[in-house]
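Under the working numbering, the residues of the sequence shown are numbered 126 to 273, in order. C-beta: ideal position from N, C-alpha, C; glycine also.
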Amino acid sequence: MEERDEMINMKQISTLESCDQPDRTLIEREERPRKGLRPAMDVNLYAAKKTVAQGMMDIALLTANASQLKYVLREGENDKYYLLNITCLSVSISLQIIVGVLLVLNNRYNINMIAQQHNAELLNNLTIIGIFLITVVNVFISAFGTSH
(Lines of atoms letter the chains of each structure in order from A and count residues from 1; the text may use other names and numbers.)
(Lines give C-alpha, C1' and ligand atoms only; values in the text may rest on other atoms or scores of the structure.)
Protein backbone atom coordinates (compact mmCIF):
# COMPACT_ATOMS: atom_id res chain seq x y z
CA MET A 1 0.00 0.00 0.00
CA GLU A 2 2.80 2.42 0.87
CA GLU A 3 4.51 1.58 -2.40
CA ARG A 4 1.38 2.54 -4.32
CA ASP A 5 1.08 5.87 -2.45
CA GLU A 6 4.73 6.60 -3.09
CA MET A 7 4.28 5.89 -6.81
CA ILE A 8 1.29 8.26 -6.93
CA ASN A 9 3.28 11.00 -5.14
CA MET A 10 6.21 10.56 -7.53
CA LYS A 11 3.87 10.76 -10.49
CA GLN A 12 2.32 14.00 -9.13
CA ILE A 13 5.77 15.51 -8.55
CA SER A 14 6.91 14.61 -12.06
CA THR A 15 3.69 16.13 -13.45
CA LEU A 16 4.31 19.37 -11.55
CA GLU A 17 7.92 19.51 -12.72
CA SER A 18 6.87 19.00 -16.32
CA CYS A 19 4.67 22.13 -16.39
CA ASP A 20 7.66 24.15 -17.55
CA GLN A 21 8.64 21.54 -20.09
CA PRO A 22 7.36 21.55 -23.66
CA ASP A 23 4.29 19.45 -24.32
CA ARG A 24 5.64 16.56 -26.39
CA THR A 25 2.32 16.12 -28.16
CA LEU A 26 2.67 19.63 -29.57
CA ILE A 27 6.33 19.38 -30.44
CA GLU A 28 6.88 16.71 -33.01
CA ARG A 29 9.47 18.65 -34.94
CA GLU A 30 12.42 16.99 -33.22
CA GLU A 31 11.28 13.58 -34.36
CA ARG A 32 12.61 12.52 -37.73
CA PRO A 33 9.92 12.78 -40.38
CA ARG A 34 9.02 9.67 -42.26
CA LYS A 35 10.11 9.47 -45.84
CA GLY A 36 7.82 11.52 -48.08
CA LEU A 37 6.15 13.36 -45.17
CA ARG A 38 6.74 16.96 -44.16
CA PRO A 39 7.93 17.68 -40.62
CA ALA A 40 5.22 18.64 -38.15
CA MET A 41 4.38 22.33 -37.93
CA ASP A 42 5.80 24.33 -35.03
CA VAL A 43 2.63 25.80 -33.52
CA ASN A 44 4.51 28.52 -31.64
CA LEU A 45 6.21 29.75 -34.83
CA TYR A 46 2.83 29.85 -36.58
CA ALA A 47 1.32 31.87 -33.71
CA ALA A 48 4.24 34.32 -33.77
CA LYS A 49 3.85 34.91 -37.53
CA LYS A 50 0.10 35.40 -37.10
CA THR A 51 0.75 37.95 -34.35
CA VAL A 52 3.13 39.92 -36.58
CA ALA A 53 0.58 39.95 -39.40
CA GLN A 54 -2.15 41.17 -37.04
CA GLY A 55 0.18 43.89 -35.79
CA MET A 56 0.87 45.13 -39.31
CA MET A 57 -2.85 45.23 -40.07
CA ASP A 58 -3.38 47.18 -36.85
CA ILE A 59 -0.71 49.72 -37.88
CA ALA A 60 -2.33 50.19 -41.30
CA LEU A 61 -5.75 50.77 -39.75
CA LEU A 62 -4.27 53.08 -37.11
CA THR A 63 -2.70 55.19 -39.87
CA ALA A 64 -5.99 55.38 -41.76
CA ASN A 65 -7.92 56.36 -38.63
CA ALA A 66 -5.37 59.04 -37.72
CA SER A 67 -5.72 60.48 -41.22
CA GLN A 68 -9.52 60.47 -40.93
CA LEU A 69 -9.31 62.13 -37.51
CA LYS A 70 -7.08 64.85 -38.95
CA TYR A 71 -9.59 65.45 -41.76
CA VAL A 72 -12.58 65.59 -39.40
CA LEU A 73 -10.79 68.03 -37.09
CA ARG A 74 -9.76 70.21 -40.03
CA GLU A 75 -13.33 70.39 -41.37
CA GLY A 76 -14.60 71.53 -37.99
CA GLU A 77 -18.07 71.22 -36.59
CA ASN A 78 -19.82 71.84 -39.92
CA ASP A 79 -20.67 68.16 -40.30
CA LYS A 80 -23.78 66.95 -38.46
CA TYR A 81 -21.94 63.74 -37.47
CA TYR A 82 -18.88 65.59 -36.17
CA LEU A 83 -19.18 64.43 -32.55
CA LEU A 84 -19.99 60.84 -33.58
CA ASN A 85 -16.98 60.77 -35.93
CA ILE A 86 -14.62 62.15 -33.28
CA THR A 87 -15.93 59.66 -30.70
CA CYS A 88 -15.74 56.63 -32.99
CA LEU A 89 -12.28 57.54 -34.27
CA SER A 90 -11.01 58.10 -30.72
CA VAL A 91 -12.46 54.79 -29.52
CA SER A 92 -11.04 52.96 -32.53
CA ILE A 93 -7.55 54.41 -32.06
CA SER A 94 -7.63 53.63 -28.33
CA LEU A 95 -8.72 50.04 -28.97
CA GLN A 96 -6.00 49.65 -31.59
CA ILE A 97 -3.35 50.75 -29.10
CA ILE A 98 -4.72 48.27 -26.54
CA VAL A 99 -4.74 45.45 -29.11
CA GLY A 100 -1.17 46.36 -30.11
CA VAL A 101 -0.05 46.02 -26.49
CA LEU A 102 -1.92 42.69 -26.20
CA LEU A 103 -0.17 41.43 -29.34
CA VAL A 104 3.22 42.32 -27.90
CA LEU A 105 2.37 40.64 -24.59
CA ASN A 106 0.99 37.56 -26.33
CA ASN A 107 4.22 37.16 -28.26
CA ARG A 108 6.08 36.63 -24.96
CA TYR A 109 4.37 33.29 -24.32
CA ASN A 110 5.45 29.98 -25.80
CA ILE A 111 2.32 27.93 -26.40
CA ASN A 112 4.40 24.76 -26.46
CA MET A 113 5.02 25.23 -22.72
CA ILE A 114 2.13 23.84 -20.70
CA ALA A 115 2.51 26.43 -17.93
CA GLN A 116 2.20 29.31 -20.44
CA GLN A 117 -0.73 28.01 -22.48
CA HIS A 118 -3.48 29.43 -20.26
CA ASN A 119 -2.04 32.97 -20.30
CA ALA A 120 -1.42 32.82 -24.05
CA GLU A 121 -4.98 31.65 -24.68
CA LEU A 122 -6.43 34.39 -22.44
CA LEU A 123 -4.43 37.13 -24.18
CA ASN A 124 -5.33 35.70 -27.57
CA ASN A 125 -9.04 35.75 -26.70
CA LEU A 126 -8.80 39.34 -25.43
CA THR A 127 -7.02 40.30 -28.66
CA ILE A 128 -9.75 38.72 -30.78
CA ILE A 129 -12.45 40.55 -28.79
CA GLY A 130 -10.53 43.81 -29.27
CA ILE A 131 -10.23 43.25 -33.01
CA PHE A 132 -13.96 42.52 -33.21
CA LEU A 133 -14.76 45.77 -31.37
CA ILE A 134 -12.40 47.72 -33.65
CA THR A 135 -14.19 46.26 -36.66
CA VAL A 136 -17.62 47.25 -35.32
CA VAL A 137 -16.47 50.80 -34.51
CA ASN A 138 -14.89 51.16 -37.96
CA VAL A 139 -18.16 50.10 -39.60
CA PHE A 140 -19.77 53.11 -37.87
CA ILE A 141 -16.87 55.30 -38.98
CA SER A 142 -17.45 54.21 -42.58
CA ALA A 143 -21.20 54.64 -42.34
CA PHE A 144 -21.17 58.10 -40.76
CA GLY A 145 -17.78 59.33 -41.93
CA THR A 146 -17.18 62.16 -44.30
CA SER A 147 -16.22 61.43 -47.88
CA HIS A 148 -12.99 63.12 -48.82
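Nearest neighbour of I236 by Cα position, chosen from N249, G225, L227, turns out to be N249.
T188 counts as exposed, since fewer than 16 other beta carbons sit within 10 angstroms of its beta carbon. For G201, no alpha helix (DSSP H) segment is defined, and its DSSP state is neither H nor E. Annotation for L220: G255, L258, I259, V262 place their beta carbon closer than 8 Å to its own, counting only its chain and skipping 5 residues before and after. Separation of L247 and N203 (C-alpha to C-alpha, rounded to the nearest whole angstrom) is 43 Å. By the beta-carbon neighbour count (other beta carbons within 10 angstroms, threshold 16), S217 is buried. Note that the C-beta distance between V224 and D183 is below 8 Å.
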